[in-house]
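Enquirer: One structure, pasted below without further comment.
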Amino acid sequence: MLIDVHAHFYHDRTPRADWRERNASRLSAGDKIGVTHHVASILGSYGLTSPIYFPSPRDLEYGNDALLALQRHYPERIRGYVTVNPNYTTHARAEIARCLGAGMVGIKLAASRRATDPLLDPICELARERGVPVLQHVWQHRRRDWPGQEASDGAELAALAARHPDVRFILAHIAGGGDWQHSLAALRMAPNLYVDLSGSGVDGGMLEACLESVGVERLLWGTDLTMDTGWAKLRYLTRLLAPAQLELVKWKNAARIFPRGTFPTD
Amino acid sequence: MRIDVNAFVGAYPYRRVPGTSPDRLIQALERTAIDEAWVSHLPSLFWRQPMEGNAWLYDTVARERRLRPVPAVHPGLAGWEATLGEAADRGAPAVRCDPPHYGLDPAGPEVRVLAVACAAAKLPLVMAVRLEDARQRHPNDGAGELPAAAVRALIRSDENVRLLITHADRGFIEEVHFGSTPQEAARIWWDISWVWGPPEDHLGTLVETLGVERFVFGTGQPLRLPENAVAKLDLLELGAERRTAIESENTRTGLLH
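Chain order of the listed sequences is B and Y. Going letter by letter, the first sequence gives residues -5 to 260 in the working numbering. Going letter by letter, the second sequence gives residues 48 to 304 in the working numbering.
As structure tokens, this is what we get:
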């Protein structure tokens, strides 16, 4: 088993004319790599009719529906995170209930509201009730506000995780840009926070630092927008880890934090 | 045969990087089935006098047949012509210049003169667009990135100039390639270290739009995992001949003559 905890798909109402090819490419590359499950999200309209990181309720519903359709079309391979915008609390909670009820397995928070903001609490409370993890988009060491997103960093996510000790959080793409050492330092004392290894970065020393900081039991394999870098990290991990440890990163840690029955070998 | 045209030895000043010694580099080559690596001395890239790292580099690679030296040339410092001559005499496959780190205008007169001198010496000039993602730089790492406009300017400085550009992404490569004449673009080679694979498929797209002959195998190790460049090729449906072109033949026929 190999579970990609950070995948994305596209649909017809995005700026991407090549959305079908990108979806097909993810599945095809996943087959070569050996990905058995793509746990994915769709960020609204990816900017077509509302901003990528501030998606409108209408775009969120369309994107989540598109992902549900993909999940139905590929029931063996695709699992879904329901993406919501915490600025619309009522809508977010209703959308979570709707999509989890339809078979999604986690919640995706992009960068619509800082992780330390109280508006995230009602969403995390629902995550606790439903027993699903929250994948939080993170800018590793946000030194300032960046245009187009209200990004959070590892320290801010750690504060949210401390407020909700019974919820499992996934820090998105440790290799997705920014100072990953800043994030790792913030995560040491946050036992309910897991590190997703996705992102375009393949920095020498990063995987060793992840292992030193949070241990092998809090690492999750993923790809995000670059599956080649995900495969490279997986290949390198085979040199760093014993086979039993590698299985943790490949799928066992993920199987532990998603609801029972999400993956076939639970 | 797999040739890595983009490798370093020596410590990096801005974070702890494992595997920077020559022995560890050799281990990484063996791990990833790389037969030969073109290496530069990483610490001196940040020195005021980068050319002072070349002696150590020559001495180091002389002890290992799989390593070939890519010495640094700073065209703003006295003695650079002799450094270039020494590179040719010692059989270096190329020389490198990193203007953003040296504090030089990347398209300024010193670098243009160097490009012309490299052409006369029949040596390709290696330039890195970046070493790390701009979003993760150390606060004191203020070196800019190599601009695409500089590459376009340099390739026009002499009809025999050959450039090997490392760490470039798809947008950069397209801007330079289609902003150059076919004759100019045919004298630029791009390493694949910073080009994305699937699902965005930037490398697959570029191989089709620019031609496979423009690309060479490079990793950026040990700052980057060399497994990435291999994985990228493993994910492409290239066919044996085109894969070999990227892994070694383009380097042999385009850069080593």
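By construction, the Cβ of each residue, glycine as well, lies at the ideal position given by its N, Cα and C atoms. Everything numeric in this text was worked out from a predicted model, so none of it was measured.
Looking at chain B, is there any beta carbon in it that lies within less than 9 Å of the beta carbon of GLY57 of chain Y?
Expert: Not closer than 9 Å to any Cβ of chain B, the Cβ of GLY57 of chain Y fails to qualify, so no.
Enquirer: PRO39 of chain Y: buried (16+ other C-beta within 10 angstroms of its C-beta) or exposed?
Expert: Outside the shown range of chain Y (48 to 304) lies residue 39 of chain Y, about which nothing can therefore be said.
Enquirer: Would you mind reading off the limits of the beta strand (DSSP E) that contains GLU83 of chain Y?
Expert: GLU83 of chain Y -> beta strand (DSSP E) spans 83 to 88.
Enquirer: With three or more C-beta pairs closer than 8 Å as the rule, is the region 21 to 30 of chain B touching the region 75 to 87 of chain Y?
Expert: These segments do not touch.
Enquirer: For the beta strand (DSSP E) holding LYS102 of chain B, just list the boundary residues, first then last.
Expert: Note, LYS102 of chain B: beta strand (DSSP E), 100 to 103.
Enquirer: What span of residues does the beta strand (DSSP E) with ARG115 of chain Y cover, start to end?
Expert: Looking at the DSSP string, the run of the beta strand (DSSP E) that includes ARG115 of chain Y is 114 to 116.
Enquirer: For ASP197 of chain B, would you say it is in contact with chain Y, using Cβ-to-Cβ distances shorter than 9 Å as the test?
Expert: ASP197 of chain B counts as touching chain Y.
Enquirer: List, from N- to C-terminal side, the alpha helix (DSSP H) runs of 4 residues or more that fit wholly inside the region 129 to 165 of chain Y.
Expert: Those alpha helix (DSSP H) runs which fall completely within the region 129 to 165 of chain Y and span 4+ residues are 146 to 149.
Enquirer: My understanding is that LEU89 of chain Y touches VAL56 of chain Y, with C-beta atoms under 8 Å, so please give their C-beta distance in whole angstroms.
Expert: LEU89 of chain Y to VAL56 of chain Y, Cβ: 7 Å. Contact.
Enquirer: Considering only residues of the region 190 to 255 of chain Y, which uninterrupted alpha helix (DSSP H) runs meet the minimum length of 4 residues and lie entirely inside it, listed in chain order?
Expert: Runs found: 195 to 202, 217 to 225 and 229 to 232.
Enquirer: Please list the partners that GLY66 of chain Y has in chain B, where partner means a Cβ-to-Cβ separation under 9 Å.
Expert: Near GLY66 of chain Y (Cβ distances below 9 Å), the residues of chain B are GLY198 and GLY199.
Enquirer: On the criterion of 16 or more Cβ atoms from any shown chain inside 10 Å, does PHE257 of chain B qualify as buried, or is it exposed?
Expert: With 16 or more Cβ atoms within 10 Å of its Cβ, PHE257 of chain B is classed as buried.
Enquirer: Could you check what DSSP says for VAL(-1) of chain B in three-state terms: helix, strand or coil?
Expert: Note: VAL(-1) of chain B maps to strand in three-state DSSP.
Enquirer: Against chain Y, which members of the region 218 to 238 of chain B pass a CB distance test of less than 9 Å?
Expert: Those residues of the region 218 to 238 of chain B that come within reach of chain Y (Cβ to Cβ, closer than 9 Å) are LEU219, THR220, MET221, ASP222, THR223, GLY224, TRP225, ALA226, LYS227, LEU228, ARG229, TYR230 and ARG233.
Enquirer: Verify whether the separation of the beta carbon atoms of VAL263 of chain Y and VAL52 of chain Y is less than 9 Å.
Expert: Yes, the Cβ-Cβ distance between VAL263 of chain Y and VAL52 of chain Y is below 9 Å.
Enquirer: For VAL173 of chain Y, report the span of its beta strand (DSSP E) as first-last.
Expert: Counting along the chain, the beta strand (DSSP E) containing VAL173 of chain Y begins and ends at 172 to 175.
Enquirer: Got a sec? Which residues, its chain only, sit under 6 Å from GLY172 of chain B by beta carbon, not counting five neighbours each side?
Expert: TRP133, GLN134 and HIS135.
Enquirer: Which runs of the beta strand (DSSP E) spanning at least 3 residues fall entirely within the region 108 to 154 of chain B, listed in chain order?
Expert: Qualifying beta strand (DSSP E) stretches, in chain order: 128 to 130.
Enquirer: Between the region 236 to 251 of chain Y and chain B, which residues of the former have CB atoms less than 7 Å from a CB of the latter, in chain order?
Expert: Result list: TRP243, GLY244, PRO245, PRO246, GLU247 and ASP248.
Enquirer: Just to confirm my understanding: we take THR220 of chain B, look at its own chain, exclude 5 residues before and 5 after, and list those with CB closer than 6 Å. What are they?
Expert: Correct list, in chain order: SER194.
Enquirer: With THR266 of chain Y as the anchor, note down where its alpha helix (DSSP H) starts and where it stops.
Expert: Neither: THR266 of chain Y is in no alpha helix (DSSP H) and is coded neither H nor E.
Enquirer: Scan the region 100 to 112 of chain B for residues whose Cβ lies nearer than 7 Å to a Cβ of chain Y and list them as they occur along the chain.
Expert: Residues: none.
Enquirer: With a threshold of 7 Å on Cβ separation, who are the neighbours of GLU55 of chain B within its own chain once the five nearest residues in sequence on each side are excluded?
Expert: Once the five neighbours on either side are set aside, the close Cβ partners of GLU55 of chain B are GLU89.
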